[in-house]
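What follows is a short report on a single structure.
2 protein chains.
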Amino acid sequence: MNANKVTSLFGIKYPIIQGGMIWCSGWRLASAVSNAGGLGLIGSGSMRPELLEEHIIKCKAATNLPFGVNVPLIYPQTDELIEIILRHQVKIVFTSAGNPEKYTSLLKAHGIIVAHVVANSKFALKAEAVGVDAIVAEGFEAGGHNGIEETTTMVLIPQLRPLLKKPLIAAGGISSGAAMYASMALGAEGVQIGSLFASCVESSSHWHFKQAIFDAGDGATRLLMKKLIPVRLLKNAFFDQVVQAEGQGATVEELKTLLGKGRAKAGIFAGDIEHGELEIGQVCALIHNEHSAAELIENLMNEFYKTANKMSNEWLL
Amino acid sequence: MNANKVTSLFGIKYPIIQGGMIWCSGWRLASAVSNAGGLGLIGSGSMRPELLEEHIIKCKAATNLPFGVNVPLIYPQTDELIEIILRHQVKIVFTSAGNPEKYTSLLKAHGIIVAHVVANSKFALKAEAVGVDAIVAEGFEAGGHNGIEETTTMVLIPQLRPLLKKPLIAAGGISSGAAMYASMALGAEGVQIGSLFASCVESSSHWHFKQAIFDAGDGATRLLMKKLIPVRLLKNAFFDQVVQAEGQGATVEELKTLLGKGRAKAGIFAGDIEHGELEIGQVCALIHNEHSAAELIENLMNEFYKTANKMSNEWLL
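These protein sequence lines are chains A and B, in that order.
Start counting the first sequence at 4; every next residue gets the next number (this note's numbering).
Start counting the second sequence at 4; every next residue gets the next number (this note's numbering).
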């Protein structure tokens with residue numbers, strides 16, 4: 004693989020970032036991705052500080068290659084998570100779902116490489132202004148929490164590329180080497196991939212959840228809870244309840260009550276496929292089998308180069 | 004330009020189809036696109052049969068190159084529109100928004116090349132089964148009426164490509180040569196472009212509408228009216244009314260009443276920017292200036308080849 008801005012920044016072989024997903028990406032997944040040449044991220048969004056500490060220690064034992072931690076900035080325990088990250092000298096942090104201003108300078112002061120996830124141009128410019136090293140732009144098709152603008156990857160990447168100087172990483176709708184190549188053609192220098200890794204061997208998600216991903220067809224997800232925080236969910240009994248409530252004009256309070264506590268854990272980690280909150284991207288329709296992270300990365304890169312050759316053969320004058 | 008399945012099928016120079024849009028694409032736009040090497044489509048969705056006849060006659064006078072007519076299959080006057088198309092021996096028809104079964108065999112029996120617009124795999128397979136010559140797959144980011152699955156172009160094209168034998172044309176989110184190249188990398192053999200042509204010199208839309216497109220930033224559109232027929236609209240006073248009504252659980256009947264009659268004409272053709280129904284795609288955020296159709300196609304192809312060269316230089320091993 005030729006080096007580019009993203010591989011150089013993180014010191015990785017391939018410009019493939021594994022999204023830091025709640026209940027899926029612990030040390031097993033992160034170290035497997037890093038060992039295969041991508042950048043593995045521990046998803047701290049579902050972890051208490053002491054659990055994150057355990058995962059960082061185990062990840063370091065499992066790989067000598069760069070890995071990082073994803074920190075959603077919306078939880079009250081963020082300060083404690085950041086403190087663990089600093090204490091254990093994690094070298095790469097991806098922040099998401101919040102304002103990058105508060106933590107970027109702290110992390111940078113400790114020599115940490117910082118990337119921030121955005122879904123619109125306003126926050127992309129803000130992230131760059133506060134000094135992040137890379138921007139992840141996540142399109143509407145991505146799983147889990149999402150932006151209110153609903154801008155898709157196909158539109159978001161060309162929109163942000165001319166506004167930014169820092170490396171741009173595309174996320175949302177990418178589960179193949181062809182989609183990775185398309186994202187780079189749109190202006191990204193790397194990709195962040197979630198759903199595909201959420202369903203792989205090393206993901207800590209329940210096999211019921213993985214099976215639901217393999218079984219999903221087109222139109223199997225929808226962005227819901229827009230009055231709260233928009234979140235892309237797989238259809239199930241809980242999904243139907245939300246659709247019905249929203250169709251009848253449910254208020255923020257009613258949606259909070261309906262959501263309750265611990266639904267994502269119940270669905271993704273404990274395998275309650277009917278009543279859990281199943282966060283997954285639209286690309287679940289394209290994922291049919293379980294592979295190891297190493298196989299997925301090998302397949303992605305093989306298909307990436309196949310696409311590069313095909314396109315060059317067809318279109319180079 | 005190298006020939007491919009789409010250019011060969013329609014007898015055109017570039018695999019660029021101009022979407023047949025209500026109140027925008029009459030004979031002026033369609034003939035300008037065809038004369039510039041793309042495939043121009045007259046949008047019959049906003050036309051009475053006698054007006055369509057006039058546009059077909061004028062389009063034939065304005066170009067010797069192939070052009071077509073887009074026919075949404077949801078209006079009561081479809082039979083009369085098809086009759087005009089047959090009488091004037093139009094050679095290419097794009098059908099949309101309905102079941103392709105009824106008209107495809109009739110059109111094919113008259114030697115007409117037929118393409119059908121879909122937003123999911125079920126209708127793509129159905130269109131191929133009833134004998135269409137090409138499939139247009141339109142993603143969530145597209146303007147105007149849209150599918151209920153909300154699948155984006157980045158996901159829809161790779162999903163449909165392995166299922167279909169016929170040429171596949173990507174639509175939704177494409178306003179640049181880079182996005183065109185990305186669409187081909189995803190598996191399409193051509194692109195259908197709407198918003199960009201809706202705002203060009205030869206579009207019959209009102210200059211207020213064009214100006215609103217140039218002024219739009221990210222997040223300026225949203226898919227609304229999902230209980231009726233989903234439609235992507237630009238934000239204005241009418242948009243706000245719909246959002247408010249839907250947030251309160253408005254019924255189908257209430258939405259019909261709110262929509263009323265003639266709002267798309269009022270907004271797009273007559274220039275009532277506040278109270279009209281402004282159908283446009285997410286890519287309006289990327290469109291800033293008015294160009295002629297010929298300039299747009301030249302720019303698209305220049306950027307397409309620039310992207311092809313850049314990607315090959317960076318990634319070919």
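Glycine included, each C-beta is placed from N, C-alpha and C at the ideal position.
Problem - Where B/ALA253 falls, given that 16 or more other Cβ within 10 Å makes a residue buried - result: Translated into positions along the second sequence, residue 253 of chain B becomes position 250. Classification for B/ALA253: buried.
Straight-line CA distance for A/GLU293 to A/ASP275? Stepping through the first sequence from its first residue, residue 293 of chain A is reached at position 290. Stepping through the first sequence from its first residue, residue 275 of chain A is reached at position 272. If you take the alpha carbons of A/GLU293 and A/ASP275, they lie about 19 Å apart.
Between A/ALA137 and A/LYS168, is the Cβ-Cβ spacing less than 8 Å? Taking the first residue of the first sequence as position 1, residue 137 of chain A is located at position 134. Taking the first residue of the first sequence as position 1, residue 168 of chain A is located at position 165. Against a cut-off of 8 Å, the Cβ pair of A/LYS168 and A/ALA137 comes out as no contact.
Closest by C-alpha distance to A/ALA130, when choosing among A/GLY147, A/ASN149, A/THR98, A/MET157
Against the first sequence, residue 130 of chain A aligns to sequence position 127. It is A/THR98 whose Cα lies nearest to the Cα of A/ALA130.
- Could you tell me which chain A residues have their CB closer than 7 Å to the CB of B/LEU189, listed as they occur along the chain? Stepping through the second sequence from its first residue, residue 189 of chain B is reached at position 186. Those within 7 Å of B/LEU189 in chain A are ALA181, ALA182, ALA185.
Q.
Counting only C-beta atoms, is A/PRO233 closer than 8 Å to chain B at any point?
A. Position 230 of the first sequence, counted from the first residue, corresponds to residue 233 of chain A. A/PRO233 does not count as touching chain B.
Taking Cβ positions only, does B/GLY193 come closer than 8 Å to chain A? The residue labelled residue 193 of chain B in the question sits at position 190 within the second sequence. Taking 8 Å as the threshold, the shortest C-beta distance from B/GLY193 to chain A does not fall below it.
Q: Could you confirm whether any beta carbon from chain B is found closer than 8 Å to the beta carbon of A/VAL158?
A: In the first sequence, the residue the question calls residue 158 of chain A occupies position 155. A/VAL158 counts as touching chain B.
### Query
CB B/ALA35 to CB B/SER202, shorter than 8 Å?
Your numbering for residue 35 of chain B matches position 32 in the second sequence. Your numbering for residue 202 of chain B matches position 199 in the second sequence. Taking C-beta atoms as the reference points, B/ALA35 and B/SER202 fail to come closer than 8 Å.
* Asked: Got a sec, what are the start and stop residues for the alpha helix (DSSP H) A/PHE212 sits in?
  -> As a working note, residue 212 of chain A is residue 209 in the first sequence. Segment 210-218, the alpha helix (DSSP H) holding A/PHE212.
### Task
Would you mind telling me which residues of chain A sit closer than 7 Å to B/GLU144, beta carbon to beta carbon, in chain order?
Your numbering for residue 144 of chain B matches position 141 in the second sequence. The answer, in chain order, is THR155, MET157, VAL158.
**Request:** Taking C-beta pairs closer than 8 Å, name the residues in chain B that A/TYR78 reaches, listed in chain order.
**Result:** The count along the first sequence starts at 1 and reaches residue 78 of chain A at position 75. Those within 8 Å of A/TYR78 in chain B number zero; the least Cβ separation is about 25 Å.
Alpha-carbon spacing of A/GLY43 relative to A/ARG31, whole angstroms
Taking the first residue of the first sequence as position 1, residue 43 of chain A is located at position 40. Taking the first residue of the first sequence as position 1, residue 31 of chain A is located at position 28. Distance between A/GLY43 and A/ARG31, taken at the CA atoms: about 9 Å.
Backbone CA spacing between B/GLU256 and B/LYS238 [nearest angstrom] = Locating residue 256 of chain B in the second sequence gives position 253, where the first residue counts as 1. Locating residue 238 of chain B in the second sequence gives position 235, where the first residue counts as 1. B/GLU256 and B/LYS238 have their C-alpha atoms roughly 22 Å apart.
Checklist entry - Should A/HIS291 go down as buried or exposed, given a rule of 16 or more other Cβ atoms within 10 Å for buried? => result Here residue 291 of chain A refers to the residue found at position 288 of the first sequence. Counting Cβ neighbours within 10 Å, A/HIS291 comes out exposed, since fewer than 16 surround it.
- Can you check DSSP and say which residues form a bridge with B/SER99? Stepping through the second sequence from its first residue, residue 99 of chain B is reached at position 96. Beta-bridge pairing by DSSP links B/SER99 to B/PRO75.
**Q.** Listed by chain order, chain A residues near B/GLN162 by CB distance under 7 Å
**A.** Numbered from its first residue, the second sequence carries residue 162 of chain B at position 159. The contacting residues are ASP221, ALA288, LEU289.
- Query: alpha helix (DSSP H) containing A/ALA321: first to last residue?
  - Reply: For chain A, the structure presents residues 4 to 320; residue 321 of chain A sits outside this window and is missing.
DSSP state of B/ILE87 mapped onto helix, strand, coil:
Here residue 87 of chain B is taken as the residue at index 84 of the second sequence, counted from 1. B/ILE87 carries a helical assignment under DSSP once its states are collapsed to helix, strand and coil.
Can you give the Cα-Cα distance for A/VAL9 and A/GLY193, rounded to whole angstroms? Numbered from its first residue, the first sequence carries residue 9 of chain A at position 6. Numbered from its first residue, the first sequence carries residue 193 of chain A at position 190. Cα to Cα, the separation comes out at about 6 Å.
- From A/GLY176 to A/ALA297, what distance separates their C-alpha atoms? For the purposes of this step, residue 176 of chain A is taken as residue 173 along the first sequence, with counting starting at 1. For the purposes of this step, residue 297 of chain A is taken as residue 294 along the first sequence, with counting starting at 1. Note on geometry: alpha-carbon atoms of A/GLY176 and A/ALA297 lie some 20 Å from one another.
Of the residues B/GLY250, B/GLN80, B/LEU54, B/ASN38, which one's Cα is nearest the Cα of B/GLN21?
-> Sequence index remark: in the second sequence, residue 21 of chain B carries index 18 (1-based). Of the candidates B/GLY250, B/GLN80, B/LEU54, B/ASN38, the one whose C-alpha sits nearest the C-alpha of B/GLN21 is B/ASN38.
task = Return yes when the Cβ of B/GLY46 is within less than 8 Å of the Cβ of B/CYS27, no when it is not.
result = The sequence position of residue 27 of chain B within the second sequence is 24, counting from 1. The sequence position of residue 46 of chain B within the second sequence is 43, counting from 1. Closer than 8 Å, so yes.
*Under a three-way DSSP split, which group does A/THR224 fall into?*
As a working mapping, residue 224 of chain A is identified with position 221 in the first sequence. Looking at A/THR224 - three-state DSSP - the assignment turns out to be strand.
Taking the straight line between their C-alpha atoms, what separation do you get for A/HIS91 and A/GLY134?
Translated into the one-based positions of the first sequence, residue 91 of chain A becomes position 88. Translated into the one-based positions of the first sequence, residue 134 of chain A becomes position 131. Taking C-alpha positions only, A/HIS91 is separated from A/GLY134 by approximately 22 Å.
| said: Once DSSP output is grouped into helix, strand and coil, what is the label at B/GLN244? | reply: Position 241 of the second sequence, counting from 1, holds the residue named residue 244 of chain B. The answer is helix: DSSP assigns B/GLN244 an H, G or I state.
Helix, strand or coil: which one does DSSP assign to B/VAL93? The count along the second sequence starts at 1 and reaches residue 93 of chain B at position 90. DSSP places B/VAL93 in the coil class of the three-state scheme, outside both helix and strand.
* Asked: Can you tell me the Cα-Cα spacing of B/LEU171 and A/GLU317, whole angstroms?
  -> Numbered from 1 along the second sequence, position 168 holds the residue referred to as residue 171 of chain B. Numbered from 1 along the first sequence, position 314 holds the residue referred to as residue 317 of chain A. Approximately 16 Å, taken between the alpha carbons.
Q | Counted within 10 angstroms of its Cβ, other Cβ atoms place B/ARG235 as buried (16 or more) or exposed | A | For the purposes of this step, residue 235 of chain B is taken as residue 232 along the second sequence, with counting starting at 1. It is buried - the Cβ of B/ARG235 has at least 16 other Cβ atoms within 10 Å.
- Message: Contact criterion: CB-CB distance below 8 Å. Does A/SER34 meet it with respect to chain B?
- Response: The count along the first sequence starts at 1 and reaches residue 34 of chain A at position 31. Interface flag for A/SER34 against chain B is unset, since no Cβ pair is found closer than 8 Å.
Query raised in the report: Closest to B/LYS230 by CA distance: which of B/GLU152, B/PRO161, B/SER206 is it?
Result: Within the second sequence, the letter at position 227 stands for residue 230 of chain B. When each option's Cα is compared against that of B/LYS230, the closest is B/GLU152.
A/SER206 classed as buried or exposed, judged by whether at least 16 other C-beta atoms fall within 10 angstroms: Here the question's residue 206 of chain A lines up with position 203 in the first sequence. Of the residues assessed, A/SER206 falls on the buried side of the cut-off, its CB having 16 or more other CB atoms within 10 angstroms.
Practice task
Evaluate A/GLY265 with the Cβ neighbour count: other Cβ atoms within 10 Å of its Cβ, from every protein chain shown; 16 or more gives buried, anything less gives exposed.
Solution key: In the first sequence, the residue the question calls residue 265 of chain A occupies position 262. When all chains shown are included, A/GLY265 counts as exposed.
Suppose contacts are defined by Cβ-Cβ distances below 8 Å. Is B/ALA100 in contact with B/LEU128 by that definition?
Residue numbering aside, residue 100 of chain B sits at position 97 when the second sequence is read from its first letter. Residue numbering aside, residue 128 of chain B sits at position 125 when the second sequence is read from its first letter. Inclusion of B/ALA100 and B/LEU128 in the CB contact set at 8 Å is not warranted, their separation being larger than that value.
Can you name the residues of chain A whose CB is closer than 8 Å to the CB of B/ASN343?
Coverage of chain B is limited to positions 4 through 320, which leaves residue 343 of chain B absent and any answer about it impossible.
Check: If you measure beta-carbon to beta-carbon, which residues of the region 5-17 of chain B are closer than 8 Å to chain A?
Finding: Going along the region 5-17 of chain B in chain order, one finds ASN5, ASN7 with a Cβ nearer than 8 Å to chain A.
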